[in-house]
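Take a look at the structure below.
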Amino acid sequence: MTERAPLLDKNGSLTKPGWATELLYEYNPKAVKASKIRLKEWDYYIMISDEGEYALALCIADNRYMGLVDAALIDIKNGVKHDFLVPLILPMGKLHLPTDSGKGDVIFRNAFCDFRYILTDGGRRLLANYNLPGGKTFVCNIFLQQPKMDTMVIATPWKEDPKAFYYNQKINCMRAEGFCEFGGQRYTFSPKTDFGTLDWGRGVWTYDNTWYWGSGNMDMDGHAFGYNIGYGFGDTAAASENMLFYDGVCHKLDRVQFVIPEDDIMKPWKFTETDHRFEMDFVPLFDHRTDISAVVISQDAHQVFGRLSGTAVLDDGTKIQVRNKLVFAERVHNRY
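In terms of the numbering used here, the sequence shown is residues 11 to 346.
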């Protein structure tokens, strides 16, 4: 995709499926022709400390008939996680999530939670404060640097439903600075070594989907290197979401396959790309597991954190050698 245009046509179908390095298509929820209750919108951030072996994920989602405001602190080294969740019933667009990731702040407040994503000059400020039972608190204050840089953008249809679509942006390689605190312990993020990623999603999905997603960022002698890989949702014939990023420049990949042991998800995985430009071994350390079943809604999710090693090849043939870097990859089955 190279030109600006409305995301959806007059029939509520994608104007043109494809990929880009910025949000060229204009998303307007009023143009959706499917039932509005099927519309799903979320802003999901994840920050990883390679040295500290911990991660922080922040999510605010408005899926019309249900939503959530969630902070998850994953202590990979000690094998524990702390979830701070505010479930929402029938938000129906009341969260007012922006139609563009680069425009507008996201703010949610209630008696227990103050949750904010604030756009600032040169980056994004992520703030959360939860008042928990027993007088405990969870607090975070993270700044993500966002200089001018390429991002991963994909517009995906579904063959079986012309009114279903997924408009997604992943922003990798944002250097992270700040902290979160819980239980008397402070977890810090340093921009020299630690990064954050934004997963910005808007769309109307079909009911039953299994997707695969992997993402990682790392400092290579002062150069920011990252990647986004994934598949499993919709009709990706027009484009995949597979990209490398080096010093803010995108290097587009072809198809990537996740090779996951069928008998044990905690055994080593492999990632392989059609042109052998992303050949990696992945050794799992911690499975951030979610298993929800509630009548017609269910989620079976494995977000696995582990160490990545292998070779990535840029467009000019330059080889990036990755050695034992902390990243994550996931397999998620949703019915909702």
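Beta carbons are placed, not taken as given, at the ideal position from N, Cα and C, and that holds for glycine.
Unbroken beta strand (DSSP E) runs of no fewer than 3 residues, entirely contained in the segment 31-84, are found at 49-59 and 64-72, following chain order. Measuring C-alpha to C-alpha distances from VAL214 to each of LEU208, GLY188, ALA174 and MET230 identifies ALA174 as the nearest. Closest option to ASN252, judged by alpha-carbon separation, among ASP245, LYS91 and ARG265: ARG265. Contact between TRP168 and GLY244 holds: their C-beta atoms lie close to 5 angstroms from each other, under 8 angstroms. Nearest neighbour of ARG126 by Cα position, chosen from LYS146, ASN182 and CYS69, turns out to be CYS69. The three-state secondary structure of PRO16, taken from DSSP, is strand.
Residues PHE292, VAL293, PRO294 and LEU295 of the same chain have their beta carbon placed closer than 6 angstroms to that of GLY316, with the five preceding and five following residues left out of the count. In the DSSP assignment, THR147 forms a beta bridge with ASN141. Contact between ALA81 and ALA138 holds, since their C-beta atoms are separated by about 5 angstroms, short of 8 angstroms. Secondary structure at PHE192: strand, using DSSP grouped into helix, strand and coil. Exposure of MET230 is indicated by the presence of fewer than 16 other C-beta atoms within 10 angstroms of its C-beta. Rounded to whole angstroms, the Cβ separation of THR207 and ILE181 is 7 angstroms, and the two are in contact under 8 angstroms. Residues of the same chain with a CB within less than 8 angstroms of the CB of GLY133, apart from the 5 flanking positions on each side, are PHE153, LEU154, GLN155, GLN156 and MET184 in chain order. In this structure, the beta-carbon distance from ILE117 to ARG74 does not fall below 7 angstroms. Comparing alpha carbon positions, the residue from GLU289, GLU272, ILE164 and HIS92 closest to GLU191 is HIS92. Between ASN238 and MET162, the gap from beta carbon to beta carbon is short of 7 angstroms. Counting of Cβ neighbours within 10 angstroms places ALA65 among the buried residues, the total reaching 16 or more. Pairing ALA322 with ILE330 gives a Cβ-Cβ distance under 7 angstroms.
A direct Cα-Cα distance of roughly 38 angstroms separates LEU83 from THR12. As DSSP reads the structure, TRP210 sits in a beta bridge with ASP53 and GLN179. Taking all protein chains shown into account, ARG299 has fewer than 16 neighbouring C-beta atoms within 10 Å of its C-beta and is therefore exposed. ASP72 sits away from LEU33, with the two beta carbons spaced by 7 angstroms or more. For the pair LEU324 and TYR256, the CB atoms are nearer than the 7 angstroms cut-off.
Within the segment 214-252, the complete beta strand (DSSP E) runs of at least 3 residues fall at 218-230 and 233-241. Note on PHE148: 16 or more other CB atoms within 10 angstroms of its CB, so buried under the neighbour-count rule. Judged by their CB atoms, GLY211 and ASN178 are nearer to each other than the 7 angstroms cut-off. One thing to note: LYS40 has its Cβ no nearer than 7 angstroms to the Cβ of GLY22. Selection ALA15, TYR54 and ASP60 evaluated against ASN38 yields ALA15 as nearest (Cα-Cα).
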